[in-house]
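Participant:
In UniProt numbering, the protein residues as written are 1 to 265.
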């Protein structure tokens with residue numbers, strides 16, 4: 001992934017992304033105030049539980065912001081086509097530009113994207129070759145953060161000892177039940193939706209197939225992996241070091257793979 005910032009002007013996408021940021025802010029602010037800090041002060045939990053929560057929250061918002069502003073693989077106006085790969089390029093019938101096969105034209109963004117998977121309104125950006133790894137990290141850390149929040153909501157009522165030093169003059173304690181019910185409701189909705197999306201994304205990488213290719217149903221043997229799963233994941237994340245697959249604070253270095261290596265659109 002390069003350092004270029006890709007900004008999509010789409011009010012619908014802004015609303016969707018704003019909703020996601022609201023849910024993240026809600027849980028990042030109220031869960032520590034209502035559950036983590038009070039129980040830590042009374043010795044019910046250790047500081048590790050607090051650090052882990054903020055760690056997951058930081059990685060979640062970092063992957064969200066980077067996925068939404070990262071260039072997904074937008075093709076330049078006059079791309080330089082290597083002589084050895086000219087036969088693997090094609091003309092887009094919407095923008096009349098040459099593009100490598102497996103690229104797709106996004107009608108919402110108005111340009112072609114290399115190995116485009118889909119346009120996601122929740123990040124207000126396309127998911128393509130250069131930011132797919134960030135989208136996967138977003139799904140992964142959102143599941144972890146939602147699960148952690150639901151566990152804390154459950155433990156607060158059914159496992160932890162009752163708090164002795166609650167200040168009922170504070171807003172969060174006077175409305176504690178309502179705040180945690182809202183948190184649990186949002187956590188269940190997001191966890192259910194993201195889990196299904198994350199599963200389809202993983203299956204797409206295992207089979208080296210994008211969501212658009214699955215919907216177009218034009219690939220032969222679409223369910224059979226053409227490469228080892230380690231190779232397909234390494235190409236998406238831009239590194240063979242598996243530990244780096246989980247870190248959003250880095251630059252992706254694309255592995256050189258010919259465009260014609262896998263199925264075409």
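Even glycine gets a Cβ: it sits at the ideal position worked out from N, Cα and C.
(1) Output the boundary residues of the alpha helix (DSSP H) element that contains residue 69.
(2) Identify, in the order they occur along the chain, each residue of the same chain with its Cβ nearer than 8 Å to the Cβ of residue 27, setting aside the five sequence neighbours on each side.
(3) Assess, as a yes-or-no matter, whether the segment 131-140 is touched by the segment 68-79 under the definition of 3 or more beta carbon pairs within less than 8 Å.
(4) At what residues does the beta strand (DSSP E) containing residue 91 begin and finish?
(5) With distances taken Cα to Cα, identify the nearest neighbour of residue 106 among 41, 119, 98.
(6) Tell me which same chain residues have a C-beta within less than 7 Å of the C-beta of residue 288, skipping the five on either side of it?
(7) Are there any heavy atoms of the ligand HEM lying less than 7 Å away from the beta-carbon of residue 34, as far as the coordinates show?
(8) My output table needs one value for residue 124: the three-state DSSP class, helix, strand or coil.
(9) Bridge partners of residue 99, per DSSP?
(10) Skipping 5 residues on each side, what residues in its chain have a beta carbon closer than 7 Å to that of residue 250?
(11) Exposed or buried, residue 224, counting other C-beta atoms within 10 Å across all chains shown (16 or more means buried)?
(12) Please name the residue, chosen from 155, 192, 247, 115, that lies closest to residue 209 on a Cα-to-Cα basis.
(13) Kindly list the residues whose CB is nearer than 6 Å to the CB of residue 130, restricted to its own chain and excluding five residues on each side of it in sequence; keep chain order.
(14) Going by other Cβ atoms of all chains shown within 10 Å of its Cβ, with 16 needed for buried, is residue 84 buried or exposed?
(15) Give every residue of the same chain whose Cβ lies closer than 7 Å to the Cβ of residue 238, excluding the five residues on either side of it in the sequence, and list them in chain order.
(16) Within its chain, find whatever has a CB closer than 8 Å to the CB of residue 50; leave out the 5 residues flanking it on each side and keep chain order.
(17) Spatial neighbours of residue 64 within its chain, please: CB distance less than 7 Å, with the 5 preceding and 5 following residues excluded, ordered by chain position.
(18) What did DSSP end up calling residue 155 once you bin it into helix, strand or coil?
(19) Go ahead and label residue 240 buried or exposed: buried means 16 or more other beta carbons lie within 10 angstroms of its beta carbon, across all protein chains shown.
(20) Please go through the same chain and pick out, in chain order, the residues whose beta-carbon is closer than 7 Å to the beta-carbon of residue 100, but skip the five residues on each side of it.
(21) Suppose the cutoff is 7 Å on Cβ atoms and the five residues either side in sequence are ignored; what does the same chain contact list for residue 142 look like?
(22) Whose CA, out of 94, 11, 230, 176, lies closest to the CA of residue 207?
(23) Counting along the chain, where does the beta strand (DSSP E) carrying residue 111 start and finish?
(24) Indicate the three-state DSSP secondary structure (helix, strand or coil) for residue 11 in the structure shown.
Facilitator: Judging by the given coordinates:
(1) For the purposes of this step, residue 69 is taken as residue 69 along the chain shown, with counting starting at 1. That run of the alpha helix (DSSP H) goes 47-69.
(2) Taking the chain shown and counting its residues from 1, the one referred to as residue 27 is at position 27. Around residue 27: 57, 145, 149, 183, 186, 187.
(3) Output reads yes: the segment 131-140 touches the segment 68-79.
(4) The sequence position of residue 91 within the chain shown is 91, counting from 1. Residue 91 -> beta strand (DSSP E) spans 89-91.
(5) Residue 106 sits at position 106 when you count from the first residue of the chain shown. Closest by alpha carbon: 119.
(6) This structure gives no information on residue 288, because the portion of the chain shown stretches from 1 to 265.
(7) You won't find the ligand HEM in this model; it holds no ligand whatsoever.
(8) What you label residue 124 is simply residue 124 of the chain shown in a count that begins at 1. The answer is coil: DSSP assigns residue 124 none of H, G, I, E or B.
(9) What you label residue 99 is simply residue 99 of the chain shown in a count that begins at 1. Answer is 90, bridged to residue 99.
(10) Looking up residue 250 in the chain shown gives position 250. Same-chain partners within the cutoff: 244.
(11) By 1-based counting over the chain shown, the position of residue 224 is 224. The pLDDT assigned to residue 224 is 48, lower than 50, so where the model puts this residue is not dependable; a value taken from the coordinates is nonetheless given after this. Exposed is the call here.
(12) To locate residue 209, count along the chain shown from 1; it is residue 209. Ranking the options by Cα distance to residue 209, first place goes to 115.
(13) Within the chain shown, numbered from 1, the residue matching residue 130 stands at position 130. Answer for residue 130: 1, 71, 72, 73, listed in chain order.
(14) Looking up residue 84 in the chain shown gives position 84. Its Cβ having fewer than 16 others within 10 Å, residue 84 is exposed.
(15) Sequence index remark: in the chain shown, residue 238 carries index 238 (1-based). Correct list, in chain order: 133, 252, 253, 254, 255.
(16) Taking the chain shown and counting its residues from 1, the one referred to as residue 50 is at position 50. The residues are 32, 36, 37, 40.
(17) Taking the chain shown and counting its residues from 1, the one referred to as residue 64 is at position 64. Cβ neighbours of residue 64 beyond the five flanking positions: 20, 123, 138.
(18) Stepping through the chain shown from its first residue, residue 155 is reached at position 155. Three-state result, residue 155: helix.
(19) Mapped onto the chain shown, residue 240 falls at position 240. By the neighbour-count rule (16 or more Cβ atoms within 10 Å), residue 240 is not buried but exposed.
(20) In the chain shown, the residue the question calls residue 100 occupies position 100. Excluding sequence neighbours, residue 100 sits near 88, 89, 114, 259.
(21) The residue given as residue 142 occupies position 142 in the chain shown. Excluding its 5 nearest sequence neighbours in each direction, residue 142 has C-beta neighbours in its own chain below 7 Å: 60, 190, 194, listed in chain order.
(22) Position 207 of the chain shown, counted from the first residue, corresponds to residue 207. Checking every option, the nearest Cα to that of residue 207 belongs to 230.
(23) Reading the chain shown from its first residue, position 111 is the one you call residue 111. Residues 111-113.
(24) Counting from one through the chain shown, the residue named residue 11 turns up at place 11. Residue state, collapsed to three classes: helix.
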